[in-house]
Amino acid sequence: GGMGKTTFAKKVYDNQRVVGHFDCHAWVTVSQSFKMEELLRNMTKKFYQGRKEAVPEGIDTIDEMSLIALIRQYLQDKRYVVVLDDVW
Numbered sequence: 001g002g003m004g005k006t007t008f009a010k011k012v013y014d015n016q017r018v019v020g021h022f023d024c025h026a027w028v029t030v031s032q033s034f035k036m037e038e039l040l041r042n043m044t045k046k047f048y049q050g051r052k053e054a055v056p057e058g059i060d061t062i063d064e065m066s067l068i069a070l071i072r073q074y075l076q077d078k079r080y081v082v083v084l085d086d087v088w
């Protein structure tokens, strides 16, 4: 820790020339005690919001397997980047 890796990654991630290479992207902060369902839910929301699309109805109540299926379907045939930033 403390070497500026997150800062560097964030600068690259926020660069429009970099982001322009991808159809969608998500920066998700992960705590040490994360729950997979919440991580998937947050990632899904970031994908939709980043493309200014409506987040699917009921996203806050669907289960983990349904979230995985939704993400797989959404990302199919898209170029995407996901950053999982740990805060431990």
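When the letters of the sequence shown are read in order and numbered with UniProt numbering, they come out as residues 1 to 88.
All C-beta atoms in this analysis are idealised placements derived from N, C-alpha and C, irrespective of residue type, glycine included.
Next on the checklist: Please report the distance separating the alpha-carbon of H21 from that of S33.
Outcome noted: Whole-angstrom Cα-Cα distance: 32 Å.
Checklist entry - CB D23 to CB R79, shorter than 9 Å? => result Result yes, Cβ atoms of D23 and R79 sit closer than 9 Å.
Checklist entry - What residue range is occupied by the uninterrupted beta strand (DSSP E) comprising T29? => result From DSSP, the beta strand (DSSP E) with T29 extends over C24 to V30.
Next on the checklist: What does the Cβ neighbour count give for T29, buried or exposed, with the cut at 16 atoms within 10 Å?
Outcome noted: Under a 10 Å Cβ-count criterion, T29 is classified as exposed, with fewer than 16 other Cβ atoms of the shown protein chains found around its own Cβ.
Next on the checklist: For R72, count the other beta carbons within 10 Å of its own beta carbon; 16 or more makes it buried, fewer makes it exposed. Which is it?
Outcome noted: With a 10 Å radius around the Cβ and a threshold of 16 neighbouring Cβ atoms, R72 comes out exposed.
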